[in-house]
Amino acid sequence: MKKYNTPLIDDLEKGPWPSFVTEMKKAAKRSEMSNDALGHLEKCYSTKMGYWKHGGIVGVLGYGGGVIGRYSELGNEFPGVAHFHTVRLNQPSGFFYTSKALKEICDIWDKYGSGLTNVHGSTGDLVLLGTKTEALEPIFAEYSSRGWDLGGSGSALRTPSCCVGPGRCEWTNYDTLDLTYNLTQEFQDELHRPTFSYKFKIKSSGCACDCVAAIARADLSIIGTWKGDIKIDQAEVKNYAKTMDINAEIVNMCPTQCMSYDGKELKINNKECSRCMHCITRMTKALRPSGERGATLCMGSKAPIVVGSLLSWVIVPFIKLEAPYTELKDLIRKIWDWWDENGKPRERIGEVIEIKGMRSFLEAIGVPPQPQQIKEPRKDPFMFYTEEDVASYKAKEAEEKKTGKYKF
Amino acid sequence: MALPQRKTDIGPPHYKQFLPAVIQKNYGKWKYHEVLTPGTMVHVGESGDKLWTVRVASPRILSTDTIREQCDIAEKYCDGHLRYTTRNNVEFLVADEKKLEPLKTELKAKGFKMGGIGPHITNVVHTQGWVHCHSACTDASGLVKAMMDELYEYFETKSLPNKVRLAVACCVNMCGAVHCSDIAVVAVHTKVPNINHETFKNMCELPTVIGSCPTRAISPDPAKKSIKINADKCMYCGNCFTVCPPISIKDPERDGVAIVVGGKINSLRTSPKFSKLVIPYISNEPPRWPKVVAAIKHIVEVYAKNAKKHERVGEWIERIGWERFFSLANIDFTFQSIDDFTFMRDTLRTSATFKW
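Protein sequence lines correspond, in order, to chains A and B. The C-terminal residue of the first sequence carries number 1762 in the working numbering, and the numbering is unbroken. The C-terminal residue of the second sequence carries number 358 in the working numbering, and the numbering is unbroken.
Here you go:
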């Protein structure tokens, strides 16, 4: 195996934080590909630019995604990375593993690939980094026969992901792990065979802490919430008071000012609470949500390409989420139908909603207008009236004439 | 040896088979948790059962050797159970309290770093960079390594007013929610791309390329069977390059990074926020990007000194005002911080009340 001189990236083996260069060197001991990846990276560092080409179309039979083709411009100089494709394995909900399963994944990867991974990629897949075209079918046969499938890529449903949820969190308002597994199974075709205008991401967080960053990067962001009161354990409040200034740290930081504390008893005006989670996360032993549980569905978030970043907008203020999740699945299908009708290539659904208008979208999916969907009403007077709108306002007025009572 | 029979559309394995017994038993019935140290927490179920978690830093790029090493440790102390976080840390799940300290001792001896839970800096969300991406204008892993070496005490021991979430994107595609981080680095191009007119006509679709431009800077060039780019309109996003390889945008002397601050994704106290541009450009200086690292450390320190307990970076800045942030942090205010793209109307000031 060729020995590369890598003084620049060697410097990144120093210091306390774990080093990716050390990881690459470990893999390079056994893999010609990883060895060439090291030399290739040193070249990038010395010239301050990258040498990877656009992804080519490679994959496994019957799927249109799950493998991202990657080739180097410097294939002659670094033959080990002439092909260096990525394989995305669909992670288990919540990123839980047993050592047995992980070791099996490693064994197969060492046999056919570079021995390098991302645990995990940004979307959530377990990313296997660097293999050759001829290894793709064997890799897929080995993994799929042992129960592992590929994740999504391209203009398709991307691998859904979620927070740890009921597996290890007291704050979750629905079973994020089960929902993610269930939706992934339901939409296998949409995940493996790209037929959308662009990518579509579904991320599920159990509460407003949003540990999976759903609100910022999922086309459909499912954020857990509840409808009942926050139950207070006053004895635990007393315990917190020993180490915490409850007025400064909790009451005065409440965004709706719906709390009070007189040094003895903590009170919450639940009707005015917006369920932001600040008090609950700071006093988790004393405060717990109660009553009906479910989620708020938000839509449209994405990174800046093409016309600026978006955060997801509230579409459905509350939905109950219990298996088999029929209402949600039906809604997702309606959402995709509308996107399919209206989106141009490489337009995310948030952008299409911006172009076509929220009304068009909400009507298509059968969701009524609600004040929970907006921060404030429109500021300009340039609005559409349909014949039906005007007729309904006129009908309301006719009714008022009869009853002698205004209804606004 | 013959390959096993492939299967399609089976989806991921069911997660239940990977859950430790204590989680199976207390699934959905957790009562509370406590952070014991920056690297350890305990979750307590309604049943009284306890589950200890030890969180360990990861460079995200892992060799199979390291994954196996993590597995061996999990077998010894966690009945083989472990998980990873959305920010790519490793978590060892301990059901037996007697195994907690020996686990930590072994992790320490093997050089694994524990920390990041609570008001600290934890693993940096980042993209592939020069390691594996065609559109990277910097290396993400190297920047992260250089940053975290310098900020390491905030991971392991030193507390901040609240957690500080860092991210690095190696181009404006931002594969990783960089746009809503407390402090993030986003790599940028600064020059209009070059077009290889010879290969354009064979490799690219004219309408797709024209349509890819968010500022409508691209028009047809019929004489060359190619395109023209209007330099006054191009803001170097690189989307045309993504759809058409003969358009080359990388430039080692001009590519660099910008720093954005004040974003968050949770809804605690205030709504989720985008990160905003405060430093428009720093040159790429591999392997350790010293000026970028210094800038981030400086912003963290100014935040630590001035924010109230529980305030995130963006909440603190909104309280004091952006003009005060620039003066407190002693950062030059530049034209790049004034939005001239889609958010201009939302971001310009419309009152004469501000701080000197």
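Yeah, the Cβ is synthetic: ideal placement off N, Cα and C, and Gly gets one too. All of these numbers come straight from a predicted model, not from anything done at the bench.
- Annotation: the continuous beta strand (DSSP E) that includes Asp-223 (chain B) extends over 220-223.
- A straight line joining the alpha-carbon of Phe-94 (chain B) with that of Ser-1614 (chain A) spans about 39 Å.
- Beta-bridge partners assigned by DSSP to Glu-93 (chain B): B:Arg-57 and B:Arg-85.
- Residue contact check for Leu-53 (chain B) against chain A: a CB pair falls below 8 Å.
- Excluding the 5 residues flanking it on each side, Lys-235 (chain B) has same chain C-beta neighbours closer than 7 Å at Thr-217, Arg-218 and Ala-219, in chain order.
- Chain-ordered, the chain A residues with CB closer than 9 Å to the CB of Thr-129 (chain B) read Ser-1476.
- Around the Cβ of Val-188 (chain B), a 10 Å sphere holds 16 or more other Cβ atoms; the residue is buried.
- Taking a beta-carbon distance threshold of 8 Å, Ile-1363 (chain A) counts as an interface residue toward chain B.
- Within the region 295-316 of chain B, contact with chain A at the beta-carbon level (separation under 9 Å) is assigned to Lys-310, Lys-311, His-312 and Glu-313.
- Per DSSP, Ser-1468 (chain A) lies in no alpha helix (DSSP H) and is assigned neither H nor E.
- Cβ-Cβ separation between Tyr-1466 (chain A) and Thr-1485 (chain A): approximately 6 Å, consistent with a contact (criterion under 8 Å).
- With a 10 Å radius around the Cβ and a threshold of 16 neighbouring Cβ atoms, Glu-1741 (chain A) comes out exposed.
- Annotation: Ser-228 (chain B) is outside any alpha helix (DSSP H); the continuous beta strand (DSSP E) that includes it extends over 228-231.
- Look at the region 232-244 of chain B: the residues with a C-beta under 7 Å from a C-beta of chain A are Cys-239 and Asn-241.
- As computed with DSSP, Lys-278 (chain B) is found in a beta bridge with B:Val-263.
- Buried is the label assigned to Ile-1622 (chain A), since at least 16 other Cβ atoms lie within 10 Å of its Cβ.
- Within the region 1399-1452 of chain A, the complete beta strand (DSSP E) segments of 3 residues or longer fall at 1440-1443 and 1450-1452, listed in chain order.
- For Ile-340 (chain B), there is no enclosing alpha helix (DSSP H), since its DSSP letter is neither H nor E.
- Out of B:Val-245, B:Asn-308, B:Asn-232 and B:Asp-141, the CA that lies nearest to the CA of Leu-330 (chain B) is found in B:Asn-308.
- Taking a C-beta distance under 8 Å as the contact criterion, Val-1412 (chain A) and His-1394 (chain A) do not qualify as a contact pair.
- Shown here, Gly-1662 (chain A) sits in coil according to DSSP, grouped into three states, outside any helix or strand.
- Contact between the region 148-166 of chain B and the region 100-107 of chain B is absent: fewer than three C-beta pairs spanning the two stretches fall below 8 Å.
- Within the same chain, and ignoring the five residues on either side of Met-1387 (chain A) in sequence, the residues whose Cβ sits closer than 6 Å to its Cβ are Gly-1434, Ser-1468 and Gly-1484.
- In this structure, DSSP gives Ser-1614 (chain A) an extended state, which the three-state scheme calls strand.
- In this structure, the straight-line span from the alpha carbon of Ala-1570 (chain A) to that of Thr-272 (chain B) is close to 15 Å.
- Non-local C-beta neighbours of Ala-148 (chain B) in its own chain, meaning closer than 6 Å and more than five positions away in sequence, comprise Arg-290, Trp-291 and Val-295, ordered along the chain.
- CA-CA distance, Met-205 (chain B) to Lys-310 (chain B), rounds to 55 Å.
- Across the region 191-210 of chain B, no CB contact with chain A closer than 7 Å is found for any residue.
- Ranked by Cα distance from Ser-161 (chain B), the options B:Ala-233, B:Leu-145 and B:Pro-40 are led by B:Pro-40.
- A check of alpha carbon separations from Tyr-1405 (chain A) across A:Glu-1396, A:Asp-1390, A:Ser-1426 and A:Leu-1392 identifies A:Ser-1426 as the nearest.
- Relative to Lys-275 (chain B), the option among B:His-128, B:His-181, B:Lys-115 and B:Lys-33 whose CA is nearest is B:His-181.
- For Ser-1551 (chain A), not one C-beta of chain B is nearer than 8 Å to its own C-beta.
- With respect to the C-alpha of His-134 (chain B), the residue from A:Lys-1407, A:Gly-1582, A:Arg-1547 and A:Ile-1728 having the closest C-alpha is A:Lys-1407.
- Chain-order list of chain B residues neighbouring Gly-1448 (chain A): Tyr-17 and Arg-85, by C-beta distance under 8 Å.
- Between Leu-1574 (chain A) and Ile-1556 (chain A), the C-beta spacing is below 8 Å.
- The beta-bridge partner set that DSSP reports for Tyr-34 (chain B) consists of B:Val-46.
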